[in-house]
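Shown next, in structure tokens, is the structure this report addresses.
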Amino acid sequence: MTRLFVAKAWLGGAGVLVCAIGMAVGQRWLVWSAVGLLAPAFLLRFAERRPPQ
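For the record, in the sequence shown the residue sitting at position 11 is 967 according to the numbering used here, with numbers rising by one throughout.
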């Protein structure tokens, strides 16, 4: 398990949790904060990729 995988897992999990809480209580700023957490998790996917061999 790589460091990037752990970072992606934490960012993704935190983003989903914050988004769910934001939707439940109706706070848009929480939902946008979740987007801010999920965006780096998505972008870290490309940091791990190796060129095809």
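Note that the Cβ used here is the ideal one computed from N, Cα and C, for glycine as well.
Distance between residue j and residue i (C-alpha atoms, nearest Å)
| i | j | result |
| --- | --- | --- |
| LEU967 | GLN983 | 20 Å |
| TRP985 | GLY978 | 8 Å |
| VAL991 | PRO1008 | 30 Å |
| TRP988 | ARG1006 | 31 Å |
| GLY969 | PHE1002 | 18 Å |
Cβ separation of residue i and residue j, assumed to be a contact under 8 Å, to the nearest whole Å
| i | j | result |
| --- | --- | --- |
| VAL974 | LEU993 | 6 Å |
Start and end residues, alpha helix (DSSP H) containing residue i
| i | result |
| --- | --- |
| MET979 | 959–981 |
| ARG1005 | First-last for ARG1005: undefined, no H or E at that position. |
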